[in-house]
Amino acid sequence: MGRSRKERWRDNLGFLVNKLAARMQASFEGQLAPYKISRLQWIVLRDLYDASHRPANLAVKTGCDRAVMTRVLEGLQQRGLLVRTIAEQDRRQIDVSLTETGRALTKELILVARKVNDHFLKRIPEDRAGELIRLLTEILTDTEEKGVKVA
0 MGRSRKERWR
10 DNLGFLVNKL
20 AARMQASFEG
30 QLAPYKISRL
40 QWIVLRDLYD
50 ASHRPANLAV
60 KTGCDRAVMT
70 RVLEGLQQRG
80 LLVRTIAEQD
90 RRQIDVSLTE
100 TGRALTKELI
110 LVARKVNDHF
120 LKRIPEDRAG
130 ELIRLLTEIL
140 TDTEEKGVKV
150 A
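With numbering that gives the first Met the number 0 applied, the sequence shown corresponds to residues 0 to 150, in that order.
(1) Based on DSSP bridge pairs, tell me the residues matched to Val95.
(2) Which value, in whole angstroms, describes the spacing of the CA atoms of Pro124 and Ile132?
(3) Cα separation between Tyr48 and Ala25?
(4) For the candidate residues Ala66, Arg70, Ala50 and Pro54, whose alpha-carbon lies nearest to that of Ser37?
(5) Provide the residue span of the alpha helix (DSSP H) that contains Asn153, from first to last.
(6) Report all residues from its chain with a CB closer than 8 Å to the CB of Leu108; omit the five preceding and five following residues, and keep chain order.
(7) Ignore the nearest five residues each way along the sequence and tell me which others in Arg72's own chain have a CB closer than 8 Å to its CB.
(8) CB Gly224 to CB Thr98, shorter than 8 Å?
(9) Look at the alpha carbon of Met0 and the alpha carbon of Gly13, and state the distance between them as a whole number of angstroms.
(10) My assumption, with CB atoms under 8 Å, is that Ala103 sits in contact with Ile93. Please give the rounded CB distance.
Structure follows, in structure tokens:
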């Protein structure tokens, strides 16, 4: 209550989350640089690590338009990290999946991502870190259910 107006806005959830996200993003992008992988390429690789997807679905999941996704997929395909195949259920559709090289790289990058995440959580006890993640997930879920788009 003895705080000035200027100090209080720095306690704002949006400000704090954005500042932390920017720092984490910069750190992670620095770790991805030796692999010549962008953050968007990482997101695509990580999604494909769990299952094959259609390019349009990947565009929706990542919040980018189809043209951008097409370029990202072409770049990853040229590097031998993914393949496109005709979908079995609908031959007009294309499925995208990781190659063995893509799976191996993604497995390595998962460890890199975990290392960055652990670095930012290292001073927080594990139970409190879990609670923080649960609360942030709850906020994101609530905003998505109410139609507030999070990209």
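Yeah, the Cβ is synthetic: ideal placement off N, Cα and C, and Gly gets one too.
Taking the geometry as given:
(1) Start at 1 with the first residue of the sequence shown, and residue 95 comes out as number 96. The partner list for Val95 (beta bridge, DSSP) reads His52 and Arg83.
(2) Taking the first residue of the sequence shown as position 1, residue 124 is located at position 125. Taking the first residue of the sequence shown as position 1, residue 132 is located at position 133. Between Pro124 and Ile132, the C-alpha separation is close to 12 Å.
(3) Position 49 of the sequence shown, counting from 1, holds the residue named residue 48. Position 26 of the sequence shown, counting from 1, holds the residue named residue 25. So the two alpha carbons sit approximately 23 Å from each other.
(4) As a position in the sequence shown, residue 37 is number 38, starting the count at 1. The candidate whose alpha carbon is nearest that of Ser37 is Arg70.
(5) The chain is shown from 0 up to 150; residue 153 falls before or after that span and cannot be answered.
(6) The residue given as residue 108 occupies position 109 in the sequence shown. Leu31, Tyr34, Ile36, Trp41, Leu44 and Arg45, listed in sequence order.
(7) Along the sequence shown, read from residue 1 onward, the residue named residue 72 stands at position 73. In the sequence as presented, Arg is not what sits at residue 72; that position holds Leu. Excluding residues within five positions, the ones whose Cβ falls inside 8 Å are Val43, Pro54, Leu57, Leu81, Arg83 and Val95.
(8) A question about residue 224 goes unanswered here, because the residues of the chain that appear run from 0 up to 150.
(9) The residue labelled residue 0 in the question sits at position 1 within the sequence shown. The residue labelled residue 13 in the question sits at position 14 within the sequence shown. Since pLDDT at Met0 reaches only 47, below the 50 mark, its modelled position is unreliable, and the value read off the structure follows with that caveat. Roughly 21 Å between the two C-alpha positions.
(10) Counting from 1 along the sequence shown, the entry for residue 103 is found at position 104. Counting from 1 along the sequence shown, the entry for residue 93 is found at position 94. Their Cβ separation, rounded to whole angstroms, is 23 Å, which puts Ala103 and Ile93 out of contact at 8 Å.
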